[in-house]
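Written out below as structure tokens is the structure these notes cover.
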Amino acid sequence: MRRRALLASAAAASTASLAGCPTPPWTDDPTEIDGAEVTFRREYDGEIDVTGSGGNDVAEVRRRLDGDPPRLVVAGSLLDGPRRCYRVTLFEAALDEGTLRLRIVAEDDPDSDVNRCSDVAEPHPYSVAVAFPEAPVPERVVVRHGDETVLEERV
């Protein structure tokens, strides 16, 4: 319990804002942004059906618009750093002007107990589920891995 509290306070101090709300990057718990509920996980279910521009970083949108509430799921994989020493984080999420914007970054893994990491880059899978109980479904989704746009798609 104390460990979760420490992680939560560290997350609150070092994260980007989601429409004025702090985003805890080290959690799978839902986060509210402008009437939408965002859940970030360091995994995805199944295979990703797209290839990246360079074959490394990929992302795709899975539409679940008939659900109650309607939702979008972005599944992706970021190729950066060794798996044991780095992990992906939802660094930024925003819902504005009809666009859902997500930015995923790789960061040092504070849970890693490895002193020396392999130099081989590893893919880091993730999924971001966004439910829209009180917000309209956006017209577009933009996903960035660090500073590179890997997905820009109409819903």
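In terms of my numbering, the sequence shown opens at residue 1027 and continues consecutively.
Even for Gly, the Cβ is constructed at its ideal location relative to N, Cα and C.
These numbers were taken from a predicted model, which means no experiment stands behind them.
Give the list of continuous beta strand (DSSP E) stretches no shorter than 3 residues that lie fully inside the segment 1112 to 1159. 1112 to 1122, 1125 to 1134, 1149 to 1157
Need the endpoints of the beta strand (DSSP E) that residue 1179 sits in, please. Start at 1 with the first residue of the sequence shown, and residue 1179 comes out as number 153. Here the beta strand (DSSP E) through residue 1179 covers 1174 to 1180.
Can you tell me whether residue 1124 is buried or exposed? The criterion is at least 16 other CB atoms within 10 Å of its CB, across all chains shown. Counting from 1 along the sequence shown, the entry for residue 1124 is found at position 98. Exposed, by the Cβ-count rule.
Cα-Cα, which of 1179, 1178, 1181, 1066 is closest to residue 1118? Within the sequence shown, residue 1118 is the residue found at index 92, counting from 1. Comparing Cα positions, the closest option is 1066.
Closest Cα partner of residue 1068 within the set 1126, 1150, 1098: For the purposes of this step, residue 1068 is taken as residue 42 along the sequence shown, with counting starting at 1. Here the closest residue by C-alpha is 1150.
Would residue 1163 pass as a contact of residue 1181 if the rule is Cβ separation under 8 Å? For this step, residue 1163 is matched to residue 137 along the sequence shown. For this step, residue 1181 is matched to residue 155 along the sequence shown. Yes, these two residues count as a Cβ contact at 8 Å.
Once the 5 residues before and after residue 1056 are set aside, which same chain residues still bring their CB inside 6 Å of it? On the sequence shown, residue 1056 is found 30 positions in, with the first residue counted as 1. Closer than 6 Å at Cβ, skipping near neighbours: 1063, 1065.
For residue 1097, the nearest candidate out of 1154, 1170, 1175, 1134 (CA to CA): Against the sequence shown, residue 1097 aligns to sequence position 71. Residue 1154 is the option with its Cα nearest to residue 1097.
Which one of 1137, 1087, 1105 has the shortest CA to CA distance from residue 1099? Counting from 1 along the sequence shown, the entry for residue 1099 is found at position 73. The option with the nearest alpha carbon to residue 1099 is 1087.
Nearest-angstrom Cα separation, counted from residue 1111 out to residue 1122: By 1-based counting over the sequence shown, the position of residue 1122 is 96. By 1-based counting over the sequence shown, the position of residue 1111 is 85. Rounded to whole angstroms, residue 1122 to residue 1111 spans 34 Å at the Cα level.
What span of residues does the beta strand (DSSP E) with residue 1170 cover, start to end? Along the sequence shown, one-based indexing puts residue 1170 at 144. Here the beta strand (DSSP E) through residue 1170 covers 1166 to 1171.
Report all residues from its chain with a CB closer than 8 Å to the CB of residue 1176; omit the five preceding and five following residues, and keep chain order. As a working mapping, residue 1176 is identified with position 150 in the sequence shown. Answer for residue 1176: 1078, 1079, 1083, 1084, 1085, 1102, 1169, 1170, listed in chain order.
With a threshold of 7 Å on Cβ separation, who are the neighbours of residue 1160 within its own chain once the five nearest residues in sequence on each side are excluded? Sequence index remark: in the sequence shown, residue 1160 carries index 134 (1-based). 1061.
Return helix, strand or coil for residue 1024, following the three-state DSSP convention. No information on residue 1024 is available, as it lies outside the stretch 1027 to 1181 that the chain covers here.
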